Amino acid sequence: MRRALAGFITGQPLGAAGALVVLVLILVALLAPALAPHGPKDAAFAPYVAPGREFPMGTDQLGRDLLSRVIWGARLSLYVGVVSVLFGVTLGALWGAVTGYLGGASDTSSQRVVDCLMALPPIILALSLMAALGQSVNNVILALVILLTPTAARTIRSVALGVAATPFIEAAQAAGASQSRIIFRYLIPNCMASYIVLVTTNISYAIVVEASLSFIGAGAPPDEPSWGGMLTAGIQALETAPWMVFFPGLAISLAVFGLNLLGDSIRDLTDPRLRGGLG
Amino acid sequence: MTMSLRRLTRLAATTVALLFTLGIVTAAPAVAQEKPRLGGVLNWFDYGDPGRLDVHAESPLVVQQATAGIFSGLLQYDPDEPSKVIGDLAERWTVSPDGKTHTFHLRKNVKWHDGQPFSSADVKATFDRVLNPDFKSPKCGASLKPMVASVEAVDANTVEFKLKFAAAPFIPSIASAWCRVAAKHVLAKYGDLNAAEAQIGTGPFKFKKYERGSVIEWEKNPSYFIPGLPYLDGVKQYILVGGPTQLAAAKASKIMLWDAWPPMRKTQADELARARTDVDIYQAPINTVFFIYLNAKKPPFDNPDLRRAVNLAIDRQELVAKALEGAGVPCAILDPKLVGDFALPLDEVAKAPGCRQPKEQDIAEAKKLVEKHYPNGLDVEMAVRQVGNYVDRGQLVLAQLRRIGIRGTMKTHESAAGYAAFGKGDFTIIATQDRAMDVNEPSGVFHISYTTESGSNYGQYSDPKVDELADRALKESSREKRKQLYWELQRYLLARGDHASVAVGWVEGWFFKDKKLRNYKPGLTTYDNNTFMKVWIAP
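Sequence lines, in order, name chains A and B. Under the working numbering, the first sequence has 65 at position 65, and the numbering climbs by one with no breaks. With positions in the second sequence counted from 1, the corresponding number in the working numbering is that position plus 1000.
Next up, the structure:
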């Protein structure tokens, strides 16, 4: 285990850096109640206090401790990112794998649905969904699931088509295995590498979309400690209190950077062509 | 005779001071006599898109702003002296000895923007519309209906208003920017005043263009009934939603005036002062109350204990300090700066439950009231319109109510959609809603938000004693007795503490005017003096 870890660090130094950022992000999110010095919604202090000993990231326009909000923001961002991606990518992966394997009318019709969904600009689609569903964290997740599902379906379908043409699937068919057995026992496990890459790369995408929606006032409710929402408040006092933009902006950038590095690294490790081995 | 050096110096200083003073004295008339310059377009902004333009049927400021220069009233607040009522379409008016009949003598040869002649029939059609019990007129109608019995056209140029009683607020109300006169033939043609085509008035400007969500434009009315006015060629109102957009436009010199709701906050004013030296920035009251509304017709706030708990828990001083950056008068039901001694002394107000500091006692009491009915606290949805800094204010209200076990989630509404929802009673709490006074008169706030039939009694609360006191004060002709009645009413509201309209305080804020803008004087309410009939732009 230790040797594998050392191998990962030396072989994928950027990936290791990304993993470290993600690990910190996860720890901060999990330990938010213990780490945050104050409640994220407690407007108990003076507004616009510059970063200093008492408030390392300063306070916002309502006198809330920005450090506490950034810490709780990690929890919200990760929650939205992970849950939406797990649901969206899993649903899309199942959809793509099953219809790709079955082929025929079900595949053709489902791919036209995917075409329609992918033709819509993602942010516009997410905005429309939020306008229809109303502002809440869970509705952001639902909007993201709807955004992520078709992309995952399209990607996993192409992988599934390749897997479906392999001799071991043909052998299973020849042996009389049922379709559900072939799909769930042989096909899907062989699409898992692509699935994992999709999950890791899309978490950062989901975090950015959530932040963007919150930034334009269509994401998480305004009092929720969302990094995007914090940016919105910050731009209203950009000259007076630049820290209100700087710290949430830094948090978004670091999280997305770390997740992207990790995602790229996982892709490199799981892609046989990039691994230089079996491809 | 020799003069000491000290005496000589003093004499020289006195002479210089005298010359300086004379210089000022002679310079002042030079400024006052500056010849108005014709031409130019005044650019300012509306905080939101009005959507509908019927000044009689709507209540958002943006509707009034969009149409202010198009229509004239019978009377108006003097653009040169905003506290004074002067004639507009009425060149003079008389009052009967019993104070119950007001006769308005109209200007002759006034034309509508479409060339049709103006007459008393238009005035009657307007006020018959506004006073119709079946017509919802939240501003003009709401203020006149309790007072006016009938309107009659005596002849083509004379109109008579019969009042139910001698009402002191009648003249200020009829001069309100919401009681504008519309053309009878336009009302007959369009049915209402919502369409851009129906904006046919007698005012100094004609309605030129309304691009939804973008801009409203007026152009000079060359046939305006006051010769030589207006000075401007037009007025352009950009629809700018959100503080950052508004401030960005101000900093980029895209707007010349910011003198309507929402005011700038101090941080914004400071930012503007750093960006522009060609503007005068000033702090002023805006004759507007910051309310929180509880829906008294729906659980949980149909329960007086819960309303009392909210009234106790709201820390008005904190809200004014943070949400208004200190610019406001917390707790007051009437603002002494605006209505003088009709307002209860502020030191008395500051001792009332819900206002007294420190806050611990009120919070503990409020918590007990909540726990009595909801031992585990309760969850409510709080509505806010996405205008001004309402979302920030709403978050503060949420934080304050959390202290007593009321957990809120915020539901934001686009401006017009919010008004529609609130008017239908489709809310539990409105976390923040400013209500501007239609007239600078002590009766205003009570008939706007506290009495049963008030146009902005969104919480639909009814208390016969409030109605009775407000009604008695309205009908009282003795100033001193009126004052006593309003004091009694304010004391009653503060002591009872379960009203569904929770007054946080009177709003003040920062505004600016481009130094080139001449002859603009802010009105006593945010609605007045928006016609720009005498405003001009210096080179």
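Ideal placement from N, C-alpha and C gives every residue a C-beta, glycine not left out. Because the structure is a prediction, the values reported are computed rather than measured.
CB-CB length for residue i against residue j, believed under 8 Å
i	j	result
B/I1537	B/K1516	5 Å
A/A255	A/S68	Between A/S68 and A/A255 the Cβ distance is about 17 Å, and since that is not below 8 Å, they are no contact.
B/V1235	B/L1042	5 Å
B/E1501	B/G1459	Correcting the residue type first, residue 1501 of chain B is Ser in the shown sequence and not Glu. About 6 Å; that satisfies the 8 Å criterion.
A/G92	A/A164	That pair is no contact at about 17 Å.
B/T1428	B/V1384	Their Cβ separation, rounded to whole angstroms, is 12 Å, which puts B/T1428 and B/V1384 out of contact at 8 Å.
A/R210	A/V80	In the sequence as displayed, the identity of residue 210 of chain A is Glu instead of Arg. 5 Å between Cβ atoms; contact.
Interface partners of residue i on chain B, CB under 9 Å
i	result
A/I169	Within chain B, no residue comes near A/I169; the closest Cβ sits about 50 Å away, beyond 9 Å.
A/G217	G1242, Q1386, V1391 and T1412
Short CB-CB distance (under 8 Å) between residue i and chain B
i	result
A/G63	yes
A/I71	no
A/I235	yes
A/V43	The sequence as given places Ala at residue 43 of chain A; Val does not occur at that position. It does: the Cβ of A/A43 has a partner Cβ on chain B nearer than 8 Å.
A/E210	no
A/G90	It should be pointed out that residue 90 of chain A corresponds to Thr in this sequence rather than to Gly. A/T90 does not count as touching chain B.
A/G249	no
A/Q12	no
A/W243	no
A/E54	no
A/R2	no
Within chain A, the residues that residue i reaches when beta carbons sit closer than 7 Å
i	result
B/V1391	P222
B/K1184	Chain A residues near B/K1184: none, gap ~41 Å exceeds 7 Å.
B/A1399	K41, D42 and A43
B/M1410	P221, P222 and D223
Three-way DSSP call (helix, strand, coil) for residue i in this model
i	result
B/P1300	coil
B/N1109	coil
B/F1512	strand
A/N202	helix
A/G237	Here residue 237 of chain A turns out to be Ala, not Gly, going by the sequence shown. In the structure shown, A/A237 sits in coil (DSSP, three-state: anything other than H, G, I, E or B).
B/G1408	strand
B/K1481	helix
B/S1150	strand
B/L1344	coil
B/I1174	helix
B/N1221	coil
B/T1202	coil
A/P242	coil
B/T1288	strand
B/R1308	helix
B/S1501	strand
B/K1475	helix
B/A1027	In this prediction, B/A1027 scores a pLDDT of 42, lower than 50, which makes its location untrustworthy; no coordinate-derived value is stated.
B/T1531	coil
A/M130	helix
B/T1021	Because B/T1021 sits at a pLDDT of 41, beneath the cut-off of 50, its placement in the model cannot be relied upon, and the following sentence gives the value as read from the coordinates. The answer is helix: DSSP assigns B/T1021 an H, G or I state.
8 Å Cβ cutoff, residue i in contact with chain A
i	result
B/E1271	yes
B/M1256	no
B/Q1317	no
B/T1026	Its pLDDT being 41, under 50, B/T1026 is placed unreliably in this model, and the coordinates cannot settle the point.
B/Q1386	yes
Chain A residues whose Cβ lies nearer than 8 Å to that of residue i
i	result
B/L1396	A43 and L62
Contacts that residue i makes with chain B (C-beta to C-beta distance below 7 Å)
i	result
A/G228	Residues of chain B passing the Cβ test: none, with the nearest at roughly 14 Å.
A/P47	K1322
Residue i: contacting residues in chain B (beta-carbon distance under 8 Å)
i	result
A/T240	T1267, D1270 and E1271
A/Q135	M1410, K1411 and T1412
Residue i Cβ short of 7 Å to the ligand SAM heavy atom set
i	result
B/M1382	Here there are no bound small molecules, and the ligand SAM is not part of this structure.
Check your understanding: Unbroken beta strand (DSSP E) runs of length 3 or more, entirely within the stretch 1061-1104 of chain B: which are they?
Key -> 1075-1077, 1085-1087 and 1090-1095
**Study point:** 3 or more residues per run - each beta strand (DSSP E) lying fully within the stretch 14-76 of chain A
**Key:** none
* Identify every run of the beta strand (DSSP E) within the stretch 1372-1440 of chain B, keeping only runs that are complete inside it and at least 3 residues long; order them along the chain. => 1378-1385, 1406-1413 and 1429-1436
Restricting to runs no shorter than 4 residues, where is the alpha helix (DSSP H) found entirely within the stretch 183-229 of chain A?
192-215
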